[in-house]
Structure formats: structure tokens, C-alpha cells
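**Q** The opening residue of the sequence shown carries number 50 in the working numbering; numbering runs sequentially from there. Sending over a structure as C-alpha cells; questions will come in a sec.
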Amino acid sequence: MSLLAEIARQSLLAFAAVLFVLQIAAREAGYVIGRRQARPEAPLEGVGVVVTSMLGLLAFVLGLTLAYANTRFQERRLGTLSEAQSIGTSWLRAQAVGQHQGQEIARLLEDYTRVRIEFIRLPADGDAAGVERRTGALQSRIWEQVVDLARDRKDPVLASLAASLNETFDLAMAQRFAFTSGPAAQLVMLLLLMTMASMGGLGYQFGLRGRPLRALTLILLSMWTAVLVVIIDLGAPRLGRILRARPPISESARGWDCETGILLSGVAP
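Structure, rendered in C-alpha cells:
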């Protein structure tokens, strides 16, 4: 399992190739065993029922897992949007507060935004701890400015700024949890074991019948592999191409990060 996880961290394409080969091996092993145990009087209907049940259960679990992975993916996207909106609100309120502390908070929020974008785009082997340290340091500096402002003034504008900053920092913690928790290892192991067992059973059934049907089996294995890779890609926030796909930045949206919707320069598109 650890070897497969390391392969997935390096390349999901390599992970898909290894998974495809393992399924072929399980199917061929089942076929060889089935051919050796084939007898003219052997009942084939019972084997077919069991194999069909195994494939049906695997398809059901794959569907549930795919829905779970997609839900986690959507949660991360919505969390990123919420954090972006909170940062933008805090930036506008800092501008409304004025004074040199408000301007400093706005400037620090622009730096904070870039750090948060870096956190979201961080690859699997990136320095997450370093990004978190920079996030915490910027949060401390921003809050020092708020405390300094609170000594001079106590008004609704400052209170609203403090509230939005508190929400921004809370959302950063939520994002940290969302981007560091992937699919449970037990669930992935269960899927892999069920896949191997189902392919082995399918090969065993073909062996008893003496009909390999390799072309159709390769199509089926390709479908299983594609679904499994999509599940891993959706569920693991630092793997694959789904997170990496970014729309082009248009000239009219220079002030915004198009992937996250976060205000970069204080100039709306």
C-alpha cells in the first residue's frame, strides 16, 4: 500500500499503469486456476452468480466512493471561495478604517493572499509547513495592527474589520484541514482488494468456460482503472491534474487570481 501511495504521489499515470497491470495479473491468475479445475460436469451457473455479485458490489462501492471524493472536492472549492471572499471583505474594510494601520493591514492582506494561493497550489512534495509558518506570521502581524487600532478607536467599522479578519483566519484553519486530509487508507485498500478479487473471480469464470475474452476484459479493466484514478484524483487534494487545471488569466481580470477568485491588487475586474 505504501509503495502504491508513493507511486501515486509521483505520478497518477504511473499509478494507473501499475493498477492496470495488477488487475490483468489477477484476471490471468484466475483464468489459469479456472482452466485447471474445468470439468465437463462442473456447475458453471453458481460461479456466474458469485462473480456477478462481486462485480455488482464493486460497482456499488466505486459509485459511493466516487460520490464521496467528489463531495470532498466540492467542499475544498467552496472553502477556497469562502476564504477568498472573506479576504476581499477584510481588505475593503481595512481601506474603510483608514489611518496608517488600516493601510498596513490592507498591504499585509495582499501578501497574505499570495501565501494562501501558494498553499492551495502546493504540490504533494511542497513545503506545506513553511507556507503555514508564513501564514501564521502574517496573521500575527495583521492582528497586531488591529490591536494598535483598538487603542485609539472603538467604532462599528473597526468591529466589523476584526470580525471579518477573525473569519478569514478561521477559514485558513479549515482549509488547512481540508487540504491535508485525503481519502482514508482503509477505504483505498478495500477498493483495491475488492478490485483484485473481482478480476480474479472473473478470470476464474472464464477459465471454467474455456473462453478468455481478453479484448472485452481489457475494456472492462480500463474502465475500472479510470474510475479508480478519478477517485484518487478527486479525493487527494495534492495529487493529479484536477487541481492543477487553471483557466487563462484575461487582461480584464489582472487583479484577481482566476483559480481561487482572490483579490490580488485591490482592483476588481
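Glycine included, each C-beta is placed from N, C-alpha and C at the ideal position.
Let me confirm a value: Ile311 is counted as buried when at least 16 other C-beta atoms fall within 10 Å, else exposed. Which label applies?
**A** Residue placement at Ile311 cannot be trusted, given a pLDDT of 47 that sits under 50; the coordinates are not used to answer.
**Q** Just to confirm the assignment, what range does the alpha helix (DSSP H) spanning Arg225 have?
**A** Element bounds for Arg225: 205-229.
**Q** Which one of Leu241, Leu251, Arg190 has the shortest CA to CA distance from Asp160?
**A** The shortest C-alpha separation from Asp160 is found at Arg190.
**Q** Report the rounded CA-to-CA distance for Thr120 versus Ser135, giving the unit in angstroms.
**A** Spanning the two alpha carbons is a distance of roughly 22 angstroms.
**Q** Given Ala63, which residues of its chain have a CB within under 6 angstroms of its CB, disregarding the five upstream and five downstream residues?
**A** Only Ile56 meet the Cβ criterion.
**Q** Does the distance from the C-beta atom of Gln359 to that of Glu167 stay below 9 angstroms?
**A** This structure gives no information on residue 359, because the portion of the chain shown stretches from 50 to 318.
**Q** Starting from the C-beta of Ala75, find all residues in its chain whose C-beta is less than 6 angstroms away, skip the five residues before and the five after it, and write them out in chain order.
**A** The answer, listed in chain order, is Met245, Met248, Gly249.
**Q** Do you know offhand how far Ala65's Cα is from Gly259's?
**A** Spanning the two alpha carbons is a distance of roughly 29 angstroms.
**Q** Please identify the residue among Phe122, Ala221, Val146 whose C-alpha is closest to the C-alpha of Ala211.
**A** Ala211 has its Cα closest to that of Val146, out of Phe122, Ala221, Val146.
**Q** Assuming Ala173 is part of the alpha helix (DSSP H), what are its boundary residues?
**A** Premise fails: Ala173 is in no alpha helix (DSSP H) and is neither H nor E.
**Q** Could you check whether the segment 106-114 touches the segment 199-213, counting it as contact only if at least three pairs of C-beta atoms, one from each stretch, sit closer than 8 angstroms?
**A** No, because fewer than three Cβ pairs between the segment 106-114 and the segment 199-213 fall closer than 8 angstroms, the two stretches do not touch.
**Q** Near Ser213, which residues of its chain fall below 7 angstroms by C-beta distance, leaving aside the five closest residues on each side in sequence?
**A** The answer, listed in chain order, is Ser135, Thr138, Ser139, Arg142.
**Q** Can the beta-carbon of Tyr117 be found less than 9 angstroms from the beta-carbon of Pro286?
**A** Not in contact: Tyr117 and Pro286 (Cβ atoms no closer than 9 angstroms).
**Q** Should Val196 be labelled buried (16 or more other beta-carbon atoms within 10 Å of its own) or exposed?
**A** Val196 should be labelled exposed.
**Q** Using only CA atoms, which one of Ser60, Val67, Leu68, Val81 lies nearest to Leu257?
**A** Of the listed residues, the one whose Cα sits closest to Leu257 is Val81.
**Q** Whole alpha helix (DSSP H) runs in the segment 102-136 with 4 or more residues, listed along the chain?
**A** Here no run is fully enclosed.
**Q** Take Arg58 and list the residues in its own chain whose beta-carbon comes closer than 6 angstroms to its own, dropping the five residues that flank it on each side.
**A** Result list for Arg58: Ala173, in chain order.
**Q** What do you reckon, is the C-beta of Ala227 under 8 angstroms from a heavy atom of the ligand ADP?
**A** For the structure depicted, the ligand ADP is absent and the ligand set is empty, with no information on it obtainable.
**Q** Could you please give the first and the last residue of the uninterrupted alpha helix (DSSP H) stretch that includes Leu288?
**A** Element bounds for Leu288: n/a, residue is neither H nor E.
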